[in-house]
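Take the sequence shown: its letter number 138 is residue 186 in the working numbering, and every next letter is one higher. Backbone N, C-alpha and C fix where the C-beta goes; we use that ideal spot for every residue, glycine too.
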Amino acid sequence: MSENKENVPKIRFPGFTDAWKQRRLGELMEISSASRVHKEEWTETGVPFFRSSDVVSAFKGLENDRAFISYELFEELSNKSGKVQENDLLVTGGGSIGIPYKVRNNEPLYFKDADLIWLKNSSLINSDFLYTFLITSVFRRYVGSITHIGTISHYTIEQAKATPIMMPEIEEQKHISQFFAQLDRLITLHQRKLNNVKNLKDGLLQKMFPKNGEDFPEVRFPGFTDAWEQRKFIDIASRITCTSEKMGLPRIEYEDIISGRGELNKDIFQKESSKKGIAFEEQDILFGKLRPYLKNWLLPDYKGIAVGDFWVFRPIDIDSKFVYSLIQGEKYQTVANLSTGTKMPRSDWSVVSSTDFFIPKSIDEQKKIGEFFSNLDQLITLHQRKLEHLQKLKKALLQQMFI
49 MSENKENVPK
59 IRFPGFTDAW
69 KQRRLGELME
79 ISSASRVHKE
89 EWTETGVPFF
99 RSSDVVSAFK
109 GLENDRAFIS
119 YELFEELSNK
129 SGKVQENDLL
139 VTGGGSIGIP
149 YKVRNNEPLY
159 FKDADLIWLK
169 NSSLINSDFL
179 YTFLITSVFR
189 RYVGSITHIG
199 TISHYTIEQA
209 KATPIMMPEI
219 EEQKHISQFF
229 AQLDRLITLH
239 QRKLNNVKNL
249 KDGLLQKMFP
259 KNGEDFPEVR
269 FPGFTDAWEQ
279 RKFIDIASRI
289 TCTSEKMGLP
299 RIEYEDIISG
309 RGELNKDIFQ
319 KESSKKGIAF
329 EEQDILFGKL
339 RPYLKNWLLP
349 DYKGIAVGDF
359 WVFRPIDIDS
369 KFVYSLIQGE
379 KYQTVANLST
389 GTKMPRSDWS
399 VVSSTDFFIP
409 KSIDEQKKIG
419 EFFSNLDQLI
429 TLHQRKLEHL
439 QKLKKALLQQ
449 MFI
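Quick look at the structure:
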């Protein structure tokens, strides 16, 4: 094993002891780009035409509005520049620079010349190892250090060729890339589980509350058959306006709430604050009226002070968890977003308070619905935390398994 500690990563697989060696990407593979394609040559169907936005979207696991070119143009251009092959990498050279995309098969694909750099697969370096290197903080720092020249950042073909990479022998590269591929599959699995539970909640929020013009929900618990009754929101919950500067109470501000999740992103009991705000009690409901589309809501089980543009609701002889579920539903969200202002929209209390909603007459049915969605929120939180743990683990291992 090399005596130079800087040439070995902190974490390695057993059996590998040789020092890593520094190479430049241009020594390992051919790096080029594509021939020019003009926007008027794009088509509705045909060969997928990748731009940097497509690569960034794919990296984030999102879909992008795709562009295409004709098969005839693809063949013409490919005769000049060559065809993208399985295990080649495309790397963004403009916009969000240095984002990689791995080509999964040999199906026809072309890309925008000014946007993407083409790293052609080579026997000298494992494609998956290189892809993983390109998402490490080592590479991100390097790209940041060489591209912030002038007003616009670019990562060029020549810069890509000169990019240094510390790398082990090919067999160790394979072990590392296979490990991160397994970790990525696990992350994807938990992301899907999380998305499934979120989609389930969204669907049930629509089905377990009556649609417009109806007084029965589509889905309800067994044993409940009565029609729901109509009430204006002002008769469902009081809006608390009493302010306080009392010391010793936790302060909740907009920035403390995770949008759409009804969770705090910090321990507010550790915050030192004397700010004035609306005093809330246990089981009161906080709703962020500023930019209501941010979905800043919370159902605290403690007393505190809401600082900033919050409404504090106190249900009137109605289960708090039920009302908390109601404000997350489609109808409430629609009226809450009929806001005043353009740059800083705020929900209009005169609109929300006078809107009719249907609620169960039975407090037992209210409690069952509220508890059901509370349990669903806990399941979402569980999956979210598992996912975040795996993402943090991956980030830490990328730092310790690369140099």
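Of the residues assessed, residue 203 falls on the buried side of the cut-off, its CB having 16 or more other CB atoms within 10 angstroms.
Within the segment 219 to 288, complete alpha helix (DSSP H) segments of at least 4 residues are found at 281 to 284, given in chain order. Residue state for residue 340 is assigned as helix, using DSSP reduced to three classes. Between the C-alpha atoms of residue 68 and residue 55 there is a straight-line separation of about 5 Å. Judged by DSSP secondary structure, residue 352 falls within the beta strand (DSSP E) whose first and last residues are 352 to 354. The segment 393 to 437 is shown to contain whole alpha helix (DSSP H) runs of 4 or more residues at 397 to 401, in chain order.
Annotation: residue 444 to residue 184 spans about 10 Å, alpha carbon to alpha carbon. In this structure the segment 335 to 346 lies against the segment 303 to 318, because at least three pairs of beta carbons, one per stretch, are closer than 8 Å. Relative to residue 274, the option among 422, 433, 262 and 137 whose CA is nearest is 262. Taking C-beta separations shorter than 6 Å and ignoring five residues to either side along the sequence, the partners of residue 147 in its chain run 103, 104, 107 and 140, following chain order. Cα atoms of residue 90 and residue 152: separation of roughly 23 Å, rounded to the nearest angstrom.
Judged by beta-carbon spacing, residue 340 lies within the 7 Å limit of residue 395, meaning their Cβ atoms are closer than that value. A distance below 6 Å between beta-carbons, with the five flanking residues on each side excluded, links residue 309 to no residue of its chain. Distance from the CA atom of residue 416 to the CA atom of residue 256, rounded to whole angstroms, is 11 Å. CA-to-CA, the gap between residue 233 and residue 210 works out to about 32 Å. In this structure the segment 267 to 285 does not lie against the segment 309 to 324, because fewer than three pairs of beta carbons, one per stretch, are closer than 8 Å. Short of 7 Å from the beta carbon of residue 96, and not among the five residues preceding or following it, lie these beta carbons of its own chain, in chain order: 114, 116 and 157. Per DSSP, residue 82 lies in no beta strand (DSSP E) and is assigned neither H nor E. Given a length threshold of 3 residues, each whole run of the beta strand (DSSP E) inside the segment 116 to 140 is given here in chain order: 137 to 140. 7 Å or more divides the Cβ of residue 420 from the Cβ of residue 186. In the DSSP annotation of this structure, the continuous segment of the beta strand (DSSP E) that includes residue 358 starts and ends at 358 to 363.
Between residue 231 and residue 442, the C-beta spacing is below 7 Å.
In this structure, residue 205 sits away from residue 438, with a CB-CB distance that is not shorter than 7 Å. Pairing residue 160 with residue 326, the inter-Cα distance amounts to about 54 Å.
Annotated as proximal: residue 355 and residue 299, with beta-carbon spacing under 7 Å.
Within its own chain, the residues whose Cβ lies closer than 6 Å to the Cβ of residue 282, once the five positions on either side in sequence are excluded, are 401, listed in chain order. With a contact defined as Cβ atoms closer than 8 Å, residue 216 and residue 66 qualify at about 7 Å. Residue 171 and residue 150 do not touch by the CB rule: their CB atoms are close to 17 Å apart, not below 8 Å. Secondary structure at residue 379: helix, using DSSP grouped into helix, strand and coil.
When the five nearest sequence neighbours on each side are left out, the beta carbons in the same chain lying within less than 6 Å of the beta carbon of residue 228 are those of 180, in order along the chain. Each of 367, 393 and 405 was checked against the Cα of residue 379, and the nearest Cα belongs to 405. Between residue 142 and residue 100, the CB-CB gap stays under 7 Å. As DSSP reads the structure, residue 70 sits in a beta bridge with 214. When C-alpha distances from residue 335 are compared across 374, 297 and 315, the shortest belongs to 374.
Counting along the chain, residue 194 sits inside the alpha helix (DSSP H) bounded by residues 185 to 195. The beta carbon of residue 312 sits closer than 6 Å to those of 304, all from its chain and outside the five residues before and after it, given in chain order.
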